[in-house]
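J.: A single structure is presented below for examination.
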Amino acid sequence: MADGTASAAPGSAPSPTRVLLADDHTLVRRGVRLILDGEPDLTVVAEAGDGAEAVERARAGDIDLAVLDVAMPRMTGLQAARELSRRLPALRILILTMYDNEQYFFEALKAGAGGYVLKSVADRDLVEACRAVVRDEPFICPGAERALVRSYLDRLHRGDGVDGLSERPITEREEEILKLVAEGHTFREIGALLFISAKTVERHRANLLHKLGMRDRLELTRYVIRAGLIDP
C-alpha cells in the first residue's frame, strides 16, 4: 500500500478499499461489516477486538483504511490511531464512536484520523465517510458538527478559551499506562505490552497518583471511566 488505496491493473476496475474494523463488541463489528461489505468499493478484510490487536493486524499489511472505535480494551482507538499514524503514515484512519464529544474529536484529529462518525448515524454516514477519508478528504458527520458548534458557542458565552483542547493533564504514555492499570493488568504485563520495564511502569503509576492527587487503583479506575478510556 503506497497511497492509502488498493492498486488496480491498467484497464481494470479499481480494487475495493481494504478495511480493518476494530471494536470490542462483536455485534457492532458484525453490523458495520454488513454495511461496508454491501458496497462494491469497500471490503472488510480484517477485524480486531481492541486497539493493540488493530495495530498488530494493520502492521501485517494489506490494509488501506482502519475504522476504529474509541473505547476499547488494552489500547483505545485514539491510542491505536496515534500508533498507526507513526508506523503507517499512508494508512487512512476513521473514528467510529458513540461519543459526540469535543475533546475526543480534537484528539482524533491530533492522532491522525481523517474522519469522525457517530455510531448512531453509521447506517447513513459511514460509507460516505470511508470514501472521503480514502480520498484524503476530512469527514465529520452532521451530528458531531452540531455538537462541536454547540460546545463552541457555550464556551464563547461563558468567556472560556475557544482554541480547541484544553491542555492534557497527563502525557500520552501516562494515558496508556493509566488505562492498562485500571483494566487490572500487572506491571509486568503492562511492560510487555508497551515494551518497557515493570519498574518503569511502577514509576509512571506513582507519578500518575501524585499528578492526579489520587491514592489507589480504585480512584484511578474512576478517573479512567470518567475520561472515557474504558466503558463503565
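Sequence positions in the sequence shown follow UniProt numbering and run 1 to 232.
All C-beta atoms in this analysis are idealised placements derived from N, C-alpha and C, irrespective of residue type, glycine included.
Computed from a prediction, not measured in an experiment: that's the story for all the values here.
(1) Within this structure, are the beta carbons of A122 and L84 separated by less than 8 angstroms?
(2) Would you call L34 buried or exposed, if buried means 16 or more other Cβ atoms sit within 10 Å of its Cβ?
(3) In whole angstroms, give me the CA-to-CA distance for L94 and A113.
(4) Give every residue of the same chain whose Cβ lies closer than 6 angstroms to the Cβ of G115, excluding the five residues on either side of it in the sequence, and list them in chain order.
(5) Quick check on A122: does DSSP put it in helix, strand or coil?
(6) May I have the straight-line CA-CA distance separating E174 from E219, to the nearest angstrom?
(7) Where S15 and D41 are concerned, what is the direct C-alpha to C-alpha distance, given to the nearest angstrom?
(8) If A80 sits next to A22, beta carbons under 8 angstroms apart, how far is it from one beta carbon to the other, in whole angstroms?
(9) Check Y99 in the structure and name its three-state DSSP category.
(10) When the Cα atoms are used, what is the spatial distance from S120 to H185?
(11) To the nearest angstrom, how far is the alpha carbon of L126 from that of E102?
(12) Given this structure, state the Cα-to-Cα distance separating D216 from F105, to the nearest angstrom.
(13) Could you pull out every residue in the same chain whose Cβ sits closer than 6 angstroms to the Cβ of T221, ignoring the five residues on either side in sequence?
(14) State buried or exposed for L27, treating a residue as buried only when at least 16 other CB atoms are found within 10 Å of its CB.
(15) How about L78 and T17: are their beta carbons less than 8 angstroms apart?
T.: In brief:
(1) Your numbering for residue 122 matches position 122 in the sequence shown. Your numbering for residue 84 matches position 84 in the sequence shown. No. Outside cutoff.
(2) As a working note, residue 34 is residue 34 in the sequence shown. Per the 10 Å Cβ criterion, exposed.
(3) By one-based count along the sequence shown, residue 94 stands at place 94. By one-based count along the sequence shown, residue 113 stands at place 113. Answer to the nearest angstrom: the Cα atoms are 5 angstroms apart.
(4) One-based indexing of the sequence shown puts residue 115 at position 115. L94, A129, V133 and F139.
(5) For the purposes of this step, residue 122 is identified with residue 122 of the sequence shown, where counting begins at 1. A122 falls in the helix class under three-state DSSP.
(6) Counting from 1 along the sequence shown, the entry for residue 174 is found at position 174. Counting from 1 along the sequence shown, the entry for residue 219 is found at position 219. If you take the alpha carbons of E174 and E219, they lie about 15 angstroms apart.
(7) Start at 1 with the first residue of the sequence shown, and residue 15 comes out as number 15. Start at 1 with the first residue of the sequence shown, and residue 41 comes out as number 41. Each residue's Cα considered, the two are about 7 angstroms apart.
(8) Start at 1 with the first residue of the sequence shown, and residue 80 comes out as number 80. Start at 1 with the first residue of the sequence shown, and residue 22 comes out as number 22. The pair is a contact, with the Cβ atoms about 7 angstroms apart (cut-off 8 angstroms).
(9) Along the sequence shown, one-based indexing puts residue 99 at 99. Reduced to three states, the DSSP call for Y99 is coil.
(10) Locating residue 120 in the sequence shown gives position 120, where the first residue counts as 1. Locating residue 185 in the sequence shown gives position 185, where the first residue counts as 1. Their Cα atoms are separated by approximately 32 angstroms.
(11) On the sequence shown, residue 126 is found 126 positions in, with the first residue counted as 1. On the sequence shown, residue 102 is found 102 positions in, with the first residue counted as 1. Approximately 19 angstroms between the Cα atoms of the pair.
(12) By 1-based counting over the sequence shown, the position of residue 216 is 216. By 1-based counting over the sequence shown, the position of residue 105 is 105. C-alpha separation (whole angstroms): 30 angstroms.
(13) As a first step, residue 221 must be located in the sequence shown, where it is residue number 221. Excluding sequence neighbours, T221 sits near A182.
(14) Taking the first residue of the sequence shown as position 1, residue 27 is located at position 27. With fewer than 16 Cβ atoms within 10 Å of its Cβ, L27 is classed as exposed.
(15) As a first step, residue 78 must be located in the sequence shown, where it is residue number 78. As a first step, residue 17 must be located in the sequence shown, where it is residue number 17. No. Outside cutoff.
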